[in-house]
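Let me begin by presenting the structure, written as structure tokens, before commenting on it.
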Amino acid sequence: MKPMLTVFTPTYNRAHLLGQSYESLKRQTCKDFIWLIIDDGSSDDTKTLVRKWLDEGQVTIRYHYQANQGMHGAHNTAYELIDTELNVCIDSDDTMTEDAVEKIVSFWKASGDPKYAGIMALDATTDKKIIGTQLPTDRTAMTLTDFYLQGGSGDKKLIYRTDIISKYPPYPIFEGEKYVGLNYKYMMIDQDYELLILNEIVCLVEYQADGSSMNMVHQYRKNPRGFAELRKVGMRCKPSIKAKFREAIHYVSSSIMLRNTKFLKESPCKGLTVLAILPGIALYTFIMCTSKNTVMKKVA
Numbered sequence: 108m109k110p111m112l113t114v115f116t117p118t119y120n121r122a123h124l125l126g127q128s129y130e131s132l133k134r135q136t137c138k139d140f141i142w143l144i145i146d147d148g149s150s151d152d153t154k155t156l157v158r159k160w161l162d163e164g165q166v167t168i169r170y171h172y173q174a175n176q177g178m179h180g181a182h183n184t185a186y187e188l189i190d191t192e193l194n195v196c197i198d199s200d201d202t203m204t205e206d207a208v209e210k211i212v213s214f215w216k217a218s219g220d221p222k223y224a225g226i227m228a229l230d231a232t233t234d235k236k237i238i239g240t241q242l243p244t245d246r247t248a249m250t251l252t253d254f255y256l257q258g259g260s261g262d263k264k265l266i267y268r269t270d271i272i273s274k275y276p277p278y279p280i281f282e283g284e285k286y287v288g289l290n291y292k293y294m295m296i297d298q299d300y301e302l303l304i305l306n307e308i309v310c311l312v313e314y315q316a317d318g319s320s321m322n323m324v325h326q327y328r329k330n331p332r333g334f335a336e337l338r339k340v341g342m343r344c345k346p347s348i349k350a351k352f353r354e355a356i357h358y359v360s361s362s363i364m365l366r367n368t369k370f371l372k373e374s375p376c377k378g379l380t381v382l383a384i385l386p387g388i389a390l391y392t393f394i395m396c397t398s399k400n401t402v403m404k405k406v407a
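For any residue, its number in our numbering is found by taking its place in the sequence shown, counting from 1, and adding 107.
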């Protein structure tokens with residue numbers, strides 16, 4: 108019988124960390140899952156390590172190697188390969204609580220419904236402190252967008268139905284770039300579906316100094332096409348004029364980096380984009396100065 112859940116892990120040269128994820132999956136109280144490892148072009152001994160775990164046979168593992176595409180490219184591949192009802196991403200430096208799979212599977216069996224895209228649960232630090240705020244206790248479901256709009260904060264663990272997340276456009280791949288924010292898909296899904304609320308910790312997170320979330324200004328400069336596409340989706344999907352305007356400012360900034368003279372024509376919200384030109388120039392200047400100052404400090 109096919110498991111209900113795929114836990115997938117994109118990884119790139121993280122063999123020194125991946126064992127933590129493996130150990131946490133070995134300890135799961137419910138074995139109703141597959142671990143899908145997307146090796147995004149690692150040059151370390153990740154492949155050798157996974158072969159050893161396959162031989163141990165303690166966790167059902169699928170391993171896929173591909174040329175490096177970045178986190179979003181690894182997600183694209185995962186969604187092409189996953190054939191279970193639910194899926195959840197656990198980064199290579201994350202661990203799952205021992206009862207995470209049990210909580211997810213039992214909760215979905217009891218409350219799952221075609222009108223929901225999946226489940227939103229809690230991330231915590233390794234000492235079990237919830238990252239950001241708890242989820243609301245006065246409702247059973249909401250969108251990720253509404254959660255943050257209503258004052259929620261911090262990363263949350265998103266468990267999606269595979270048929271839902273696979274039907275939306277894949278993350279765009281741009282030559283020479285390796286980053287597109289994962290909310291590119293999440294914002295589109297939020298237009299059509301809510302997520303069930305599971306106010307339980309299922310994932311323990313340890314942010315790495317070389318992780319994408321810790322180097323956002325650097326990512327912004329290196330991946331302007333990816334950020335511009337993300338902002339166009341934001342202008343279409345964000346629920347308020349204020350939020351759409353904020354996206355437009357970032358879109359203008361990324362367009363300046365690209366020297367894209369057609370940015371206004373390509374914008375889904377042309378009026379807001381015109382208004383965002385001056386703030387966008389200011390943001391572009393700030394980002395470039397921030398990056399230069401960081402380089403100067405490193406040299407010093």
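A virtual CB, placed ideally from N, CA and C, is assigned to each residue, including glycine. Keep in mind the model is a prediction, meaning the values are calculated, not measured.
For residue j and residue i, believed in contact at Cβ under 8 Å, the rounded distance
i	j	result
Thr116	Asp198	7 Å
Ile308	Tyr275	With a Cβ gap of about 28 Å, Ile308 and Tyr275 do not count as contacting.
Ile238	Asp262	5 Å
Asp139	Pro110	5 Å
Cα-Cα separation between residue i and residue j, rounded to whole angstroms
i	j	result
Thr153	Leu382	49 Å
Val324	Arg338	15 Å
Lys133	Phe214	21 Å
Tyr170	Lys216	27 Å
His123	Glu282	29 Å
Gln127	Glu313	11 Å
Gly341	Val287	13 Å
Asn175	Ala181	8 Å
Pro386	Val157	48 Å
Ala407	Arg121	Model confidence at Ala407 stands at a pLDDT of 36, short of 50, so the residue's coordinates are unreliable; what they give is reported in the following sentence. In a straight line, the C-alpha of Ala407 is about 30 Å away from that of Arg121.
Asp230	Cys310	5 Å
Thr167	Thr233	25 Å
Thr136	Asn183	29 Å
Gly378	Ser273	32 Å
Trp160	Asn306	32 Å
Glu205	Cys396	45 Å
Ser320	Gln326	The pLDDT assigned to Ser320 is 48, lower than 50, so where the model puts this residue is not dependable; a value taken from the coordinates is nonetheless given after this. Computed Cα separation, rounded: 9 Å.
Leu365	Thr244	44 Å
Gln173	Ala185	11 Å
Met294	Thr250	9 Å
Lys235	Gly258	22 Å
Glu373	Ala355	12 Å
Leu371	Lys349	19 Å
Thr368	Asp201	41 Å
Lys404	Thr155	Bear in mind that a pLDDT of 38 at Lys404, under 50, signals an unreliable position, so the model cannot answer this.
Pro410	Glu163	The requested residue 410 is not part of the displayed model; the chain covers only 108 to 407.
Arg246	Thr392	43 Å
Met108	Arg353	47 Å
Candidates the options: closest to residue i by CA position
i	options	result
Lys210	Thr184, Glu373, Ile304	Ile304
Tyr129	Thr191, Gln165, Gly180, Ser374	Gln165
Gly333	Asn290, Asp270, Arg353, Ile145	Asn290
Thr252	Asn183, Arg158, Ile356, Lys351	Lys351
Thr380	Cys396, Ile363, Thr392, Phe393	Ile363
Glu301	Ile280, Asp201, Phe254	Phe254
Ile271	Arg158, Ala231, Cys310, Asp299	Asp299
Asp151	Leu125, Lys235, Ala389	Leu125
Pro331	Arg353, His357, Ile348	His357
Ile280	Trp160, His179, Tyr119	His179
Asn194	Thr202, Ser347, Glu205, Val212	Val212
8 Å Cβ cutoff met for residue i and residue j
i	j	result
Tyr223	Ala207	no
Gly225	Ile266	yes
Arg268	Glu192	yes
Thr240	Ser218	no
Lys285	Gly148	no
Pro375	Arg328	no
Val359	Ile384	yes
Ser361	Ala389	no
Tyr278	Lys292	yes
Pro346	Leu256	yes
Thr118	Ile144	yes
Ser131	Met203	yes
Chain B contact for residue i (CB, 8 Å cutoff)
i	result
Tyr223	The structure shown has no chain B; it contains just one protein chain.
Pick out the complete alpha helix (DSSP H) segments inside the segment 120 to 177, 4 residues or longer, and give them in chain order. You should have 122 to 133, 153 to 163.
In chain order, what are the residue ranges of uninterrupted alpha helix (DSSP H) at least 4 long that sit wholly in the segment 275 to 330? Those alpha helix (DSSP H) runs which fall completely within the segment 275 to 330 and span 4+ residues are 290 to 297, 323 to 329.
For a minimum of 3 consecutive residues, which ranges assigned as the beta strand (DSSP E) are wholly contained in the segment 232 to 275? Whole beta strand (DSSP E) segments, 3+ residues: 263 to 268.
Could you tell me which uninterrupted alpha helix (DSSP H) segments, each at least 4 residues in length, are contained entirely in the segment 333 to 383, listed from first to last along the chain? Whole alpha helix (DSSP H) segments, 4+ residues: 348 to 365, 370 to 373, 377 to 382.
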